[in-house]
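For what it's worth, this note's numbering labels the leading residue of the sequence shown as 14, then goes sequentially. Just below is one structure, and these are the notes that go with it.
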Amino acid sequence: FAGTGKEIGWPLLRDQGNSAYMRDTGDPKTAEGGQIEWGYYEETNPRLCHPRDLLEKDQARLSPSQRDLDMEQILAPLERAMELTPILGELGYNESHSFNGLLQVTADGGPSMGESQKVRGLWYAVAIWVKDGPGMGKLIADWMTDGRTAIDHHAIDYARFYPHQTKEQFIWDRCTETAMKVYNPAVHPREPFSKARNIRRSPFWEREKELGGYFMELGGWERAHGYAANEHLLEKYGNRVPVRENEWDNRHFWRVSNAEHLAMSEDCGIVNLSHFAM
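Here it is as structure tokens:
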């Protein structure tokens with residue numbers, strides 16, 4: 014905020030309940046400065062744009078990621094923002110600096126970086142948002158020049174996607190769900206995806222379903238994390254089966270799985286190893 018004449022500027026404000034944010038653009042002597050910028054994420058019903066539908070540079074505004082803003086699309090959240098921060102209603106509206114911005118998302122919500130599995134020497138660095146840009150730039154520069162990175166990069170490595178996860182319909186479905194969750198916390202770390210499911214099922218899946226399997230997904234595989242048919246074991250083992258009192262801790266977890274572990278340790282059972290390559 015140097016040159017503004019202020020000791021401090023307006024704080025960065027995030028209104029998670031409204032999926033919105035507001036910030037001071039800084040020094041008014043700069044091209045974008047001296048304004049209050051308000052932005053909103055369409056997390057309830059995101060509109061996806063296929064890469065083939067991106068505008069060419071000569072057709073776009075400042076970049077292919079910017080399109081004209083339709084005020085009708087943001088009117089309701091903007092009115093809510095004015096109730097929370099009345100200054101927005103007092104300021105004028107600068108149409109020339111307003112736009113509908115496109116954000117890159119991936120099928121699992123993380124950046125996608127690394128060398129192509131099909132074309133040697135072709136590197137990707139996509140779905141990187143502004144706050145991560147400098148760090149990701151350093152990471153991929155090290156990766157390309159030295160063949161290694163200072164941190165474990167497996168979670169952002171393009172190679173983490175299996176072949177079925179690079180199919181267009183899978184990407185579309187998962188990106189839709191990711192866009193709905195990317196700004197609206199809190200997303201539980203064990204929360205399963207609801208779209209693009211039942212892609213890989215073991216030969217025992219039908220039987221597991223009959224037994225009341227509680228299915229989660231990993232790498233496309235539907236994996237049972239416990240069975241309703243075994244819930245009688247909860248009574249058998251009683252207080253030997255721990256209770257997760259906190260709802261957050263208990264979410265997407267099935268207590269019967271602990272009872273099944275006890276039964277296995279005292280007797281015998283069958284473990285489905287079909288998906289353990291994951």
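For each residue, glycine too, the CB sits at the ideal point set by N, CA and C. Since we're looking at a predicted model, the values are computed, not measured.
Please report how far the alpha carbon of residue 117 lies from the alpha carbon of residue 142, in whole angstroms. Position 104 of the sequence shown, counted from the first residue, corresponds to residue 117. Position 129 of the sequence shown, counted from the first residue, corresponds to residue 142. Cα to Cα, the separation comes out at about 8 Å.
I need the straight-line Cα distance from residue 264 to residue 205, nearest angstrom please. By one-based count along the sequence shown, residue 264 stands at place 251. By one-based count along the sequence shown, residue 205 stands at place 192. Distance between the alpha carbons of residue 264 and residue 205 is about 11 Å.
Quick check on the burial criterion: 16 or more other C-beta atoms within 10 angstroms. Buried or exposed for residue 58? Start at 1 with the first residue of the sequence shown, and residue 58 comes out as number 45. Answer is exposed; the Cβ neighbour count stays below 16.
Anyone know if the C-beta pair for residue 122 and residue 79 falls short of 8 Å? Counting from 1 along the sequence shown, the entry for residue 122 is found at position 109. Counting from 1 along the sequence shown, the entry for residue 79 is found at position 66. No.
Among 104, 175, 200, 186, which residue has its Cα nearest to the Cα of residue 213? Along the sequence shown, read from residue 1 onward, the residue named residue 213 stands at position 200. Ranking the options by Cα distance to residue 213, first place goes to 175.
Does DSSP put residue 241 in a helix, in a strand, or in coil? Sequence index remark: in the sequence shown, residue 241 carries index 228 (1-based). Reduced to three states, the DSSP call for residue 241 is helix.
So if DSSP puts residue 53 in a beta bridge, which residue, or which two residues, is it bridged to? The residue given as residue 53 occupies position 40 in the sequence shown. DSSP output for residue 53 lists 33 as bridge partner(s).
Please work out which residues of its chain come closer than 7 Å, Cβ to Cβ, to residue 177, disregarding the five sequence neighbours upstream and downstream, and give them in chain order. As a position in the sequence shown, residue 177 is number 164, starting the count at 1. The beta carbon of residue 177 sits closer than 7 Å to the beta carbons of 183, 212, 233 from its chain, once the five residues preceding and following it are set aside; these are given in chain order.
Give the DSSP bridge partners of residue 142, in chain order. To locate residue 142, count along the sequence shown from 1; it is residue 129. Bridge partners of residue 142: none, in fact.
Inter-residue Cα distance where the pair is residue 65 and residue 77: Working through the sequence shown from its first residue, we reach residue 65 at position 52. Working through the sequence shown from its first residue, we reach residue 77 at position 64. The straight-line gap from Cα to Cα measures roughly 11 Å.
Shortest alpha-carbon distance to residue 247 belongs to which of 75, 221, 224, 275? Taking the sequence shown and counting its residues from 1, the one referred to as residue 247 is at position 234. For the residues 75, 221, 224, 275, the minimum Cα distance to residue 247 belongs to 275.
Counting along the chain, where does the alpha helix (DSSP H) carrying residue 40 start and finish? Counted from its first residue, the sequence shown places residue 40 at position 27. Looking at the DSSP string, residue 40 is not in any alpha helix (DSSP H), and its letter there is neither H nor E.
Quick test of your reading: residue 236 and residue 229, contact by CB under 8 Å. State the CB separation rounded to the nearest angstrom. Here residue 236 is taken as the residue at index 223 of the sequence shown, counted from 1. Here residue 229 is taken as the residue at index 216 of the sequence shown, counted from 1. That belief holds up - the Cβ atoms of residue 236 and residue 229 are roughly 6 Å apart, short of 8 Å.
Quick one: using the 10 Å Cβ neighbour count with 16 as the cut-off for buried, is residue 187 buried or exposed? For the purposes of this step, residue 187 is taken as residue 174 along the sequence shown, with counting starting at 1. With 16 or more other Cβ atoms within 10 Å, it is buried.
Under a three-way DSSP split, which group does residue 226 fall into? Indexing the sequence shown from 1 puts residue 226 at position 213. Correct three-state label for residue 226: strand.
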